[in-house]
Amino acid sequence: MYERDPETLWRRVGAGVVLLPPGAAAPLPLGAFAARVWQLLSSPTNARSIRDTLMVEGSLTGEAGTRELDRVLTLSSR
């Protein structure tokens, strides 16, 4: 299961999001795709549900999209 860290500060900026995880030395900017994943993490969910939602929306296609989702979820779990 994945969800946002409640201690991570964040703000929407244009189509993206800027995160400031606890203990981070600098903010972490996220592009539009990663920002959408961040939005989907507002409540506990699993990778399959996120992937299915993004596929229906047309935000996720092919192997490259799946790899990008895996990368974003790995970042979110740190």
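Residue 68 in the numbering used here sits at position 68 of the sequence shown; the count goes up by one each step and never skips.
Glycine included, every Cβ here is placed at the ideal spot set by N, Cα and C.
For Arg11, the enclosing beta strand (DSSP E) has its first and last residue at Leu9 to Val13. The continuous stretches of beta strand (DSSP E) do not include Leu60, and DSSP gives it neither H nor E.
Residue burial annotation: Val37 is buried, with at least 16 other C-beta atoms found within 10 angstroms of its C-beta. Boundaries of the beta strand (DSSP E) harbouring Leu28: Leu28 to Leu30, taken from the DSSP string. Burial is judged here by how many other beta carbons sit within 10 angstroms of a residue's own beta carbon; Ala64 has fewer than 16 and is exposed. Within the model, the alpha-carbon separation for Trp10 versus Ser42 is close to 12 Å. Bridge partners of Leu19 according to DSSP: Trp10 and Leu28.
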